[in-house]
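Visitor: In order, the protein sequence lines correspond to chains G and Y. For the first sequence, the numbering used here gives the first residue as 1, with consecutive numbering after it. For the second sequence, the numbering used here gives the first residue as 1001, with consecutive numbering after it.
Number of protein chains: 2
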Amino acid sequence: MDVKTLCLGVLTLGEASGYEIKKQFEDGPFAHFHETSFGSIYPALSKLSDEGLVTWQDIPQEGRPAKKVYAITPAGERAFRAAMRKMPAPDKVRSEHLFMLFFSHLLEPEHRARVFESYLGIHRDRLAAIEEKNGDCAGAQPGQRFVYEMGRAFYRAMVEVMERERVLILEDGEDRPSDRPSDRPSDRPSSRAAE
Amino acid sequence: MDVKTLCLGVLTLGEASGYEIKKQFEDGPFAHFHETSFGSIYPALSKLSDEGLVTWQDIPQEGRPAKKVYAITPAGERAFRAAMRKMPAPDKVRSEHLFMLFFSHLLEPEHRARVFESYLGIHRDRLAAIEEKNGDCAGAQPGQRFVYEMGRAFYRAMVEVMERERVLILEDGEDRPSDRPSDRPSDRPSSRAAE
DNA sequence: ACCCGCATGTAAGTCGTTACATGATTGG
DNA sequence: CCAATCATGTAACGACTTACATGCGGGT
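(1) Compute the beta-carbon to beta-carbon distance between Phe116(G) and Leu98(G), rounded to the nearest angstrom, for a pair I have assumed lies under 8 Å.
(2) Check whether the segment 71–91 of chain G and the segment 5–19 of chain G touch, using three or more Cβ-Cβ pairs below 8 Å as the test.
(3) Tell me the rounded alpha-carbon separation between Glu1035(Y) and Thr1012(Y).
(4) Given this structure, state the Cα-to-Cα distance separating Ser95(G) from Arg1094(Y), to the nearest angstrom.
(5) Please list, in chain order, the chain G residues whose beta carbon lies closer than 7 Å to that of Leu1048(Y).
(6) Which same chain residues, not among the five before or five after Trp56(G), have their C-beta less than 8 Å away from its C-beta?
(7) Please list, in chain order, the residues of the segment 72–88 of chain G that have any C-beta partner in chain Y closer than 8 Å.
(8) Would you mind sorting Glu1132(Y) into buried or exposed? The rule is 16 or more other CB atoms within 10 Å of its CB.
(9) Unbroken beta strand (DSSP E) runs of length 3 or more, entirely within the segment 1073–1149 of chain Y: which are they?
(10) Can you list, in chain order, the residues of the segment 1091–1103 of chain Y whose Cβ is nearer than 8 Å to any Cβ on chain G?
(11) Verify whether the separation of the beta carbon atoms of Phe1033(Y) and Glu165(G) is less than 7 Å.
(12) Suppose the cutoff is 7 Å on Cβ atoms and the five residues either side in sequence are ignored; what does the same chain contact list for Lys1004(Y) look like?
(13) Let me see if you follow: with CB-CB separation under 7 Å, is Pro177(G) close to chain Y or not?
(14) Give me the Cα-Cα distance between Tyr1019(Y) and Phe1038(Y), rounded to the nearest whole angstrom.
(15) If you draw a straight line from the alpha carbon of Ala1129(Y) to that of Glu1163(Y), how long is it in whole angstroms?
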């Protein structure tokens, strides 16, 4: 699913400028499971406009730069529905935090704590943010409520585990590298070889 | 964090071939928060070899193609530790499933059910898979246990919400497109315009 | 017969990120 | 005064995915 489809989706919810669309992926309902950058949104909107799937108007503002407000056309809605008829690609997740924390025994204790606390902080903030927006869901479509619930459950679960496991991760020592004076030779057993 | 660092990390756990490294990202402990393809792993291993961060041996096998088993060198371990000293980039998630389900009111009911059930199925399977591998964690490092717990909590939370919300998502009707005979004109209010 | 799993690798292409360019206004 | 927010856009670069190329053995 490319950025064009993403933009069309946001525009089915109402008119928006490129800048506002990006905000939807930063703070809005999509923040928890998708991202985009200006470098992909603006070209996507141009292409959509060329294809007649969206229209736009320049809206001058006082004290601010004018904005280009896009609206989806009937053809755009048809295109979006068509895209929605396909099966979604598998989810993609990449978490450098978890990768690092997996190797927590190789991290210097202060750095390990920094990484862990930043990760916990991020998830706490997001949980707070998502629960604050609770009221917005009142009149929303069931799909929107569902995604909201998934987001909340996700952040809750992550915060819970981190608060529970915190001590275990942080109290343990570090496997020192062997280039520093050490008593133990590099006798790391390669256990996976025997599979 | 590039694929080279990912490979180095896997190799700190023991020797492995490119094929086996990929399996680690498919079924192994990294499966839940990272992905890679052969097209990125093989070139990465070549480069690591050129840089002296890994060594390899050809291991002929009966009835199977020979495999190139890679092992990390002391220089490789130093490089990996150095990479681990940086702050991890923010997590990246992209879920077309959730994006689609957000717009569930625009999906044809059968398709909506298909998407929902496939998503639930995937998460159930992964939860089962991760809980099955429980025993593997016995002697593992705390970081490994932590990541395991995070994975389990994640899948559990997702399955719980989906089982709870299932009826709400599946029982509701579809917002028909307006190109089909309809009683209701396209009076979609663009509520976000007034911000 | 055919597909899947094992096994490695390359080449082309897509897609998106990062950085740059520009500029006004408000808040600390 | 500097940073941030609002606002749009381009260009270069890089990273990864997809598809291709090759080949054997076992299961259905």
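Glycine included, each C-beta is placed from N, C-alpha and C at the ideal position.
Guide: Short version:
(1) The distance from the Cβ of Phe116(G) to that of Leu98(G) is about 11 Å, inconsistent with a contact at the 8 Å cut-off.
(2) yes
(3) 18 Å
(4) 12 Å
(5) Neighbours of Leu1048(Y) on chain G: none; closest Cβ ~17 Å, over 7 Å.
(6) Leu45, Ser49, Lys68, Val69, Tyr70 and Ala71
(7) Pro74, Glu77, Arg78, Phe80, Arg81, Met84, Arg85, Met87 and Pro88
(8) exposed
(9) The qualifying runs are 1092–1094.
(10) Asp1091, Lys1092, Val1093, Arg1094, Ser1095, Glu1096, His1097, Leu1098, Phe1099, Met1100, Leu1101, Phe1102 and Phe1103
(11) no
(12) Ala1044, Lys1047 and Leu1048
(13) yes
(14) 8 Å
(15) Going by C-alpha positions, Ala1129(Y) is about 19 Å away from Glu1163(Y).
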